[in-house]
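As numbered in the working numbering, residues 46 to 377 make up the sequence shown, in order. Below is one structure, written out as structure tokens; comments come after it.
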Amino acid sequence: MKKLLVMGLAIIMVLSMVGCSQKPVETTTPPDETTAPEGTATDEGATKELVITLITMDSMDEHWLKVKNGAEDAASELGNVKVIFDAPQTKVDATVQAQLVENAIVNKSDAIMLAALDKEALKPVVEKAKQAGIPVIFVDSGVNTDQYDAFFSTNNAAAAETAAVELASLIGEKGKIAIINAQAGAGTTMTRENAFADKIKADYPNIEIVGVQYSDGDKQKALNYATDFMTQYPDLVGFYACNEGSTVGVGNAVDQSGKGDGISVVGFDFSADVKALIEKGAIKASMVQNPYVMGYEGVKASVEIVNGNTLNPKDIDTGVTVAREDNLSEIK
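Quick look at the structure:
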């Protein structure tokens with residue numbers, strides 16, 4: 046399935062590349078004394094290894110490890126491309142992530158791939174990278190600036206609206222629900238929260254959102270918040286969780302409470318833990334992104350951009366699938 050997704054996006058990217066004076070990395074022209082087959086040629090005609098720094102929100106979440114795997118696979122296929130993976134220890138301090146971007150600038154990375162923790166806090170350093178002539182490619186979560194070269198992500202607003210319809214259907218379009226989000230400042234998860242809430246308020250007047258809590262993507266925090274909501278609102282009928290950690294935490298809370306039949310959970314992302322909780326009935330559905338594709342196509346685009354090409358359009362929707370118990374065998 047990964048190969049089919051990657052092939053489809055790769056075709057779109059190839060068709061939408063606007064060529065500049067320099068040839069892209071992959072070429073059918075045999076190399077000669079003046080043409081390097083891959084990478085960027087030095088003055089002496091030798092091929093320079095391209096270094097791409099990939100900075101995600103953390104290094105533990107399975108979502109980011111899939112992004113990393115996709116990036117490394119693309120680098121291996123291209124040859125002469127090195128991916129340096131870096132991330133904060135936790136998702137709580139955007140200043141740490143900003144420093145990692147600073148390090149990539151100082152170390153003269155050829156390109157930076159970034160999943161931004163905070164769309165405002167990362168803005169100055171992203172614009173600094175662009176001023177230094179370093180291409181910036183967003184994966185999953187971007188920054189509030191137009192100074193970037195490509196953005197590979199889920200259409201989070203559309204996916205959140207799908208989640209709202211899914212949860213509304215599960216609870217009979219009425220009752221009290223709560224939201225467990227990850228980071229309050231992250232553009233991606235805030236879009237998921239706001240689009241979901243807007244859809245509920247617009248289309249389902251008999252559904253009440255009783256509150257929102259932010260778990261920083263931490264499973265234990267999400268479990269605690271979900272437990273508190275169930276205690277405070279004994280008649281709660283649903284949860285919406287905005288990322289993998291929050292989804293697992295909420296699912297575990299519902300599972301431990303024994304209320305899986307009366308409380309429906311709709312979440313975001315897919316992992317072994319999410320799958321197990323869907324199989325147990327503690328989670329009813331989850332919006333499955335394509336993080337592998339984000340990393341894979343992000344590296345391919347980085348190399349093209351370093352070699353003088355422009356991605357058009359530069360915002361690429363990597364797609365979403367709704368995982369339920371009846372289609373788990375199809376979800377990879």
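Virtual Cβ for every residue (Gly too), placed ideally from N, Cα, C.
- I350: not part of any beta strand (DSSP E); member of the alpha helix (DSSP H) spanning 336-351, first to last residue.
- With fewer than 16 other beta carbons inside 10 angstroms of its own, K246 counts as exposed.
- Scanning its chain for C-beta atoms nearer than 7 Å, with the 5 sequence neighbours on each side dropped, one finds around Y249 the residues A213, E218, in chain order.
- Assigned with DSSP and collapsed to three states, Q228 falls in coil, not helix or strand.
- In the DSSP assignment, the residues bridged to D131 are I100.
- Here M339 is actually not in contact with D155; their C-beta atoms are around 19 Å apart, not less than 8 Å.
- In this structure, I225 sits away from V293, with a CB-CB distance that is not shorter than 7 Å.
- For the set S198, G307, V188, the Cα lying nearest the Cα of V112 is the one of S198.
- In the structure shown, the three-state DSSP call for T355 is strand.
- Contact check for L99 against A119 fails: the beta carbons are separated by 7 Å or more.
- For A166 against I157, the beta-carbon gap comes to about 16 Å, at or over 8 Å, which does not count as contact.
- In the pairwise beta carbon analysis, the segment 343-351 is classified as not touching the segment 309-324: fewer than three pairs are separated by under 8 Å.
- One thing to note: K136 has its Cβ no nearer than 7 Å to the Cβ of G312.
- Approximately 13 Å separates the beta-carbon atoms of V141 and L159; this is outside 8 Å, ruling out the contact.
- Beta-bridge analysis with DSSP links L159 to I100, F183.
- Under the 10 Å beta carbon count, L373 is surrounded by fewer than 16 other beta carbons and is classified as exposed.
- In this structure, DSSP gives L110 a helical state, which the three-state scheme calls helix.
- The secondary-structure analysis by DSSP pairs Q258 across a beta bridge with I225.
- Annotated as proximal: E253 and K221, with beta-carbon spacing under 7 Å.
- When the alpha-carbon of S291 is set against those of K244, N335, E238, the nearest one is in E238.
- Of the candidates T272, A271, V282, T233, the residue whose Cα lies closest to the Cα of N251 is V282.
- If you ignore the 5 residues before and after I376, its C-beta comes within less than 7 Å of the C-beta of F315, V333, T366, A368, all in its own chain and listed in chain order.
- Here the alpha carbon of G364 sits roughly 10 Å from the alpha carbon of P336.
- G124: not part of any alpha helix (DSSP H); DSSP gives it neither H nor E.
- Y193 is bridged by DSSP to nothing; it lacks a bridge partner.
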